[in-house]
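First up is the structure itself, then whatever we jot down about it.
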Ligand code: AMP
Ligand code: MN
Ligand code: MN
Ligand code: MN
């Protein structure tokens, strides 16, 4: 690309109803186009099913598209999300790896349902599953939407605080993939691995340093410095870290739905000039 990548409106993180977003892939692409996005990636959780539809819509609308995924990882008691960008959706390693990550979801969702039933919300599993566009991907977000619909809380964020996080009666710990596995699958598929929304992890400085060292060692390339869920201070902090540690930087809204998301498509904070945009290669 000849254009300065900093001048491009890139949104490299969002979700369709193939995971826990509410929109169809083609509708997401239309919305991105309407919002002035130049380059977008669809990054459904542990799932590649929406990529073909999104790529086709992007070609029709004349918007540049990068196939992506957001892989769930268990690391030191925390769940990390690793975004893979530029992945081949037909990569056997990636396809098999993600199938393994998805395989435990249903049993986990049933357990979440049992815990919620014990605090007065019977039928939560069936309700959440009915709200999921993808039967193999019932997520906490679907439980949250169901509980909002029932009037248990005003919005999805309130449900998470009350029910779906560690220590609350609807949280079921789960083993996802290992950091090295997730990065290996992404790289085997020809993609680059990005540590998603680093400010969201509940870790101190020391653990963050360890996390980044391990991420680099296993082949990680970039940090999502500009996330829709990051404050301006967090963007500055992770831009400093990316520049100091030699990581490239990514930008993504993490858009899930028109009413729930921190940022609409194309409206994540802008990347500071001090970092190298990961999308220079596209
Ligand atoms: P799961 O993969 O089933 O554990 O669900 C994780 C998803 O829940 C994330 O991708 C977010 O979309 C959503 N989520 C996690 N924490 C929160 C929160 N505090 N508020 C709103 N949504 C959240
Ligand atoms: Mn999500
Ligand atoms: Mn995430
Ligand atoms: Mn996400």
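Numbering (the working numbering), first residue to last: 41 to 322.
Every residue gets a Cβ at the ideal spot worked out from N, C-alpha and C, and that includes glycine.
- Under the three-state reduction of DSSP, residue 255 is assigned to helix.
- Beta-bridge annotation (DSSP): residue 80 is paired with 51 and 105.
- Every alpha helix (DSSP H) of 4 residues or more that sits fully in the segment 135-174 is shown, in chain order, as 145-158 and 164-171.
- Residue 292 and residue 269 have their C-alpha atoms some 9 Å from each other.
- Two segments are said to touch when three or more pairs of C-beta atoms, one from each, lie closer than 8 Å; by this definition the segment 151-161 does not touch the segment 117-131.
- Ligand 4 never approaches residue 51 closely enough for any of its heavy atoms to be under 7 Å from the residue's Cβ.
- By the Cβ criterion, the segment 61-79 is in contact with the segment 88-95, since at least three pairs of Cβ atoms, one from each stretch, lie closer than 8 Å.
- Ordered along the chain, residues surrounding ligand 3 are 110, 121, 236 and 237 [Cβ under 6 Å from any heavy atom].
- If you ignore the 5 residues before and after residue 297, its C-beta comes within less than 8 Å of the C-beta of 61, 62 and 63, all in its own chain and listed in chain order.
- Counting along the chain, the unbroken alpha helix (DSSP H) around residue 181 starts and ends at 180-189.
- Distances taken from the Cβ of residue 60 to the heavy atoms of ligand 2 include one shorter than 7 Å.
- For residue 263, the three-state secondary structure derived from DSSP is strand.
- DSSP links residue 218 through a beta bridge to no other residue.
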